[in-house]
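S.K.:
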Amino acid sequence: MAKKIPLALLIVLLAGLFQTAARLRAAETKIRLDVKVEGVEGKLKKNVLSFMSIERQKNSPELNEDVMKALFDKAPDEIRTALQPFGFYTPAIKSELIQKNGGWLAVFRINPGEPVIITKLDLRITGEGAGKPAFEDYIKTFPLKKGQILDEQAYEKAKRNLEQTAADHGFPNAALTMHRILVYPKRHEAEISLSLDTGPQFKFGDVTFIQSRNVLSIRFLQKFVTFKKGDPYDVSALLALQDALSTSGYFSRANVTPLPQKAAGLLVPVEVTLTPAKRYEVSVGAGYGTDTGLRGRIDWLDRWVNRRGHRMEVDLGLAEIKQNAIWRYIVPYHPLATHLDYSLGYLAEDTTIEKSETYLAGVSFTRPLSPRWLQTVYFNVEREHFTVAGETATSRLIIPGGTWTYKKAPAAPYVNEGIRLIADVRGTAKAMLSSVSVIQGRLRPKYVRGIGGFGNLIVRGDVGATEVDNFQRLPATLRFFAGGDNSIRGYSYKTLGPKNSEGLVEGGKYLLVASIEYDQLIYRKWGAAVFYDGGNAFSSFPPTWKSGAGAGIRWLSIVGPVRIDFAWSISDPSPAFHVYVSIGPEI
């Protein structure tokens, strides 16, 4: 006996057959369609295509001739809508649907017409924020002006920026009381009205510090805060606090959070959550420099000797011709870029020209004079035993001095625009119980300028002058020499300078070095350079000018450019050849 098929199953089977038949029919009737838009380019064309349904659905498997014609018919209205945000309200549109080569081509020829011009611009700020610099600057830099073509996208962005400006400067209750664009298409004119009532300005309340480990005192942490309770709320001050904490080296994590929901009246409290970094840090490094040869370094850091944020550092360096051991104790002040340093050290250098050993004890005070100027004044007691040009002596110096550094360059491994200037003045006298009376000044400028997006012009100089009562008693570290990677390439390290009666280089009272270099990026991270260096160390005028020139290879590593230079001493009758290797940012 035959079994009956359940009615529900029969319905499902029939629905599947109908769906399959519909898909087969759609596959048979699917058409090939191309869409072409003429008369507009750039962002207008991009916006037109994004608004057109026929463009979005041209590859749909469901597209058939009836659907295509329906989409074609409504395309002109979509085009008009797409052009309006850019100020074109009266376009002329010619559309054509062409059947060719077994497919279809929909062509839309657009004449945007005369644009709508802004004839009235009314921007108003009311409330407590009226006249505040942030809002005055906003009005001055408003992106739309009278006489310009209406750009609704720019208007919407400017409107959002106004609300963000209010929030960033302590006006969270600010509200737009008017935001309207009146368009008169026939007259091709538009009027913009934008008004903001700022409401009251909120102020900074108390700043609370929460440390996962209580390693630094609240009094010290308050040094990071540049605003006071009752100062106008400003998000840039919070960002500056966040940056200062994050880059101070004391913390592995720092979060600055305003708490408007806990505001007492108009006072917004701020909560700072801190995770201290590891107290001790040891770093080891190794490298190679043409002037120094192979070198290694060990640095030890105690991030907080006490709850007042004092630091202690020990730097040990060992190279083929240089050694150093320096101990520093650092006392931070307010702002933290200001600090008092105590130091003890040992420095040694042994080259073919001079040999010296220096023991020193000193104190220095560093403070920023401006965002780009840094000043360090110091007072050192030094004892140096040295041998230069066959003469051996020991000097004792009690020498004060100062260093001023100007830097305008991004903090990045690669710099294609920047300038750095280092000026140093120091001096002492026998009346201060020094072995020699001397005053010395030195100026080291460097300038980098990008050319064409792939090249850098690098200009540097080194100028120094010394007034001394007895040159033979002048320590080797205060004498000027030239030659080497950071001086005049083509000559070995410190081999240039005045010579004594026996023809041995003894160093000079003066220094004049100039360099010009052009670096060109050629392929990905690889580039080439050409350069010329000139100058000398000397004790009388005019100086004997020495020149070096050559070419080099550049590779952009993660720590800065790697430079391999090939240089010749072109001022010598028989030019010598030298290779130099160095790593690091230009400035």
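Quick note: the sequence shown uses the numbering used here, first residue 9, plus one each step. Heads up, the beta-carbon is just placed ideally off N, CA and C, and yes, glycines get one too.
Quick one: what does DSSP say F488 is sitting in, helix, strand or coil?
M.R.: As a working mapping, residue 488 is identified with position 480 in the sequence shown. F488 falls in the strand class under three-state DSSP.
S.K.: Using only alpha-carbon positions, find the residue among S582, V589 and L190 that is nearest to R497.
M.R.: Residue numbering aside, residue 497 sits at position 489 when the sequence shown is read from its first letter. Closest by alpha carbon: V589.
S.K.: Check this for me: beta carbons of K286 and P277, under 7 Å apart or not?
M.R.: By 1-based counting over the sequence shown, the position of residue 286 is 278. By 1-based counting over the sequence shown, the position of residue 277 is 269. Not in contact: K286 and P277 (Cβ atoms no closer than 7 Å).
S.K.: Please give me, in chain order, every unbroken run of the beta strand (DSSP E) with length at least 3 that falls completely inside the segment 405–436.
M.R.: The segment 405–436 contains these whole beta strand (DSSP E) runs: 425–436.
S.K.: Just checking my contact of F93 with Q161 at CB under 8 Å: how many whole Å lie between their CB atoms?
M.R.: As a working mapping, residue 93 is identified with position 85 in the sequence shown. As a working mapping, residue 161 is identified with position 153 in the sequence shown. As written in the sequence, residue 93 is Pro, which differs from the Phe given in the question. Yes, they are in contact, since the Cβ atoms of P93 and Q161 sit about 5 Å apart, within 8 Å.
S.K.: Pull up the distance between the alpha-carbon of P240 and that of Y414, whole angstroms please.
M.R.: Along the sequence shown, read from residue 1 onward, the residue named residue 240 stands at position 232. Along the sequence shown, read from residue 1 onward, the residue named residue 414 stands at position 406. Using only the alpha carbons, I get a separation of about 32 Å.
S.K.: Quick check: the segment 344–363 against the segment 499–513, are at least 3 beta-carbon pairs closer than 8 Å?
M.R.: Cβ pair count under 8 Å is three or more, so yes.
S.K.: Do the CB positions of L274 and K211 come within less than 7 Å of each other?
M.R.: To locate residue 274, count along the sequence shown from 1; it is residue 266. To locate residue 211, count along the sequence shown from 1; it is residue 203. Yes, these two residues count as a Cβ contact at 7 Å.
S.K.: Is Q161 helix, strand or coil by DSSP?
M.R.: Position 153 of the sequence shown, counted from the first residue, corresponds to residue 161. Looking at Q161 - three-state DSSP - the assignment turns out to be helix.
S.K.: If you draw a straight line from the alpha carbon of Y258 to that of W312, how long is it in whole angstroms?
M.R.: As a position in the sequence shown, residue 258 is number 250, starting the count at 1. As a position in the sequence shown, residue 312 is number 304, starting the count at 1. Approximately 8 Å, taken between the alpha carbons.
S.K.: Mark V45 as exposed unless 16 or more other C-beta atoms lie within 10 angstroms of its C-beta, in which case mark it buried.
M.R.: Walking along the sequence shown from the start, residue 45 turns up at place 37. It counts as buried.
S.K.: I'd like the list of long-range same chain contacts for L482, defined as Cβ closer than 7 Å, with 5 residues on each side in sequence excluded.
M.R.: Your numbering for residue 482 matches position 474 in the sequence shown. V444, V446 and V476.
S.K.: Determine the direct distance from the alpha carbon of L352 to that of S582, and round the result to whole angstroms.
M.R.: Here residue 582 refers to the residue found at position 574 of the sequence shown. Here residue 352 refers to the residue found at position 344 of the sequence shown. So the two alpha carbons sit approximately 45 Å from each other.
S.K.: Specify, as a first and last residue, the run of the beta strand (DSSP E) that S351 falls within.
M.R.: The residue you call residue 351 lines up with position 343 of the sequence shown. It spans H347 to D358 - the beta strand (DSSP E) in which S351 sits, taken as one unbroken run.
S.K.: Per DSSP, what kind of secondary structure is V56 in: helix, strand or coil?
M.R.: The sequence position of residue 56 within the sequence shown is 48, counting from 1. Helix, per DSSP.
S.K.: Could you check whether A545 and A484 sit closer than 7 Å to each other, using their CB atoms as the reference points?
M.R.: Start at 1 with the first residue of the sequence shown, and residue 484 comes out as number 476. Start at 1 with the first residue of the sequence shown, and residue 545 comes out as number 537. For A484 and A545, no; Cβs fall outside 7 Å.
S.K.: Give me the DSSP bridge partner(s) of Q331.
M.R.: If you number the sequence shown from 1, residue 331 lands on position 323. Per DSSP, L326 and A356.
S.K.: Measure the Cβ-Cβ separation of G137 and T185 and say whether it is below 7 Å.
M.R.: Here residue 137 is taken as the residue at index 129 of the sequence shown, counted from 1. Here residue 185 is taken as the residue at index 177 of the sequence shown, counted from 1. Going by C-beta atoms, G137 is not nearer than 7 Å to T185.
S.K.: Using C-beta distances below 7 Å, list every residue in its chain close to F235, excluding the 5 sequence neighbours before and after it, in chain order.
M.R.: As a position in the sequence shown, residue 235 is number 227, starting the count at 1. If we look at F235 and ignore the five residues flanking it on each side, its Cβ neighbours are F212 and A245.
S.K.: CB P99 to CB L91, shorter than 7 Å?
M.R.: As a working note, residue 99 is residue 91 in the sequence shown. As a working note, residue 91 is residue 83 in the sequence shown. Result yes, Cβ atoms of P99 and L91 sit closer than 7 Å.
S.K.: The beta strand (DSSP E) spanning T632 covers which residue range?
M.R.: In this structure the chain extends from 9 to 595, so residue 632 is not present and cannot be described.
S.K.: Should I566 be labelled buried (16 or more other beta-carbon atoms within 10 Å of its own) or exposed?
M.R.: Residue numbering aside, residue 566 sits at position 558 when the sequence shown is read from its first letter. By the 10 Å Cβ count, I566 comes out exposed.
S.K.: Could you round the C-beta distance between V280 and A262 to whole angstroms and report it? I think they count as a contact, below 8 Å.
M.R.: Within the sequence shown, the letter at position 272 stands for residue 280. Within the sequence shown, the letter at position 254 stands for residue 262. Between A262 and V280 the Cβ distance is about 7 Å, and since that is below 8 Å, they are a contact.
S.K.: Using a Cβ-Cβ cutoff of less than 6 Å, which residues in the same chain neighbour F585 once the five nearest sequence positions on both sides are dropped?
M.R.: As a working note, residue 585 is residue 577 in the sequence shown. Here the set comprises W576.
S.K.: Measure how close the beta-carbons of F373 and L348 come, nearest whole angstrom, since I'm counting them as under 8 Å.
M.R.: Looking up residue 373 in the sequence shown gives position 365. Looking up residue 348 in the sequence shown gives position 340. Confirmed, Cβ separation roughly 5 Å.
S.K.: Just verifying my parser: in three-state terms, what is the DSSP assignment at V371?
M.R.: The residue you call residue 371 lines up with position 363 of the sequence shown. V371: strand per DSSP, three-state reduction.
S.K.: Just to confirm, is the Cβ distance from G238 to Q209 under 7 Å?
M.R.: Here residue 238 refers to the residue found at position 230 of the sequence shown. Here residue 209 refers to the residue found at position 201 of the sequence shown. No, the Cβ-Cβ distance between G238 and Q209 is not below 7 Å.
S.K.: Kindly indicate the opening and closing residues of the alpha helix (DSSP H) around L253.
M.R.: What you label residue 253 is simply residue 245 of the sequence shown in a count that begins at 1. Segment V243 to T255, the alpha helix (DSSP H) holding L253.
S.K.: When the cut-off is 7 Å and only beta carbons count, does Y296 lie next to chain C?
M.R.: The structure shown contains no chain C, having only a single protein chain.
S.K.: Out of curiosity, what's the CA-to-CA distance linking G461 and L355?
M.R.: As a working mapping, residue 461 is identified with position 453 in the sequence shown. As a working mapping, residue 355 is identified with position 347 in the sequence shown. Each residue's alpha carbon lies about 42 Å from the other.
S.K.: I believe Q480 touches E399 by the beta-carbon criterion, under 8 Å. Please report the beta-carbon distance rounded to the nearest angstrom.
M.R.: Position 472 of the sequence shown holds residue 480. Position 391 of the sequence shown holds residue 399. Indeed they touch by this definition, with Cβ atoms about 7 Å apart.
S.K.: Quick one: grab the DSSP three-state call for D493.
M.R.: Numbered from 1 along the sequence shown, position 485 holds the residue referred to as residue 493. Note: D493 maps to coil in three-state DSSP.
S.K.: Following the continuous beta strand (DSSP E) through K108, name the residue where it begins and the one where it ends.
M.R.: Against the sequence shown, residue 108 aligns to sequence position 100. Its beta strand (DSSP E) spans residues A100 to K108.
S.K.: For N508, I'd like the list of residues in its chain whose CB is within less than 6 Å of its CB, leaving aside the five on either flank, ordered along the chain.
M.R.: The residue you call residue 508 lines up with position 500 of the sequence shown. Cβ within range, chain order: A397 and E514.
S.K.: How is D541 classed by DSSP in three states: helix, strand or coil?
M.R.: Your numbering for residue 541 matches position 533 in the sequence shown. In this structure, D541 counts as strand in the three-state DSSP scheme.
S.K.: From the DSSP output, which residues share a beta bridge with A575?
M.R.: Taking the sequence shown and counting its residues from 1, one reaches residue 575 at position 567. Per DSSP, G558 and H586.
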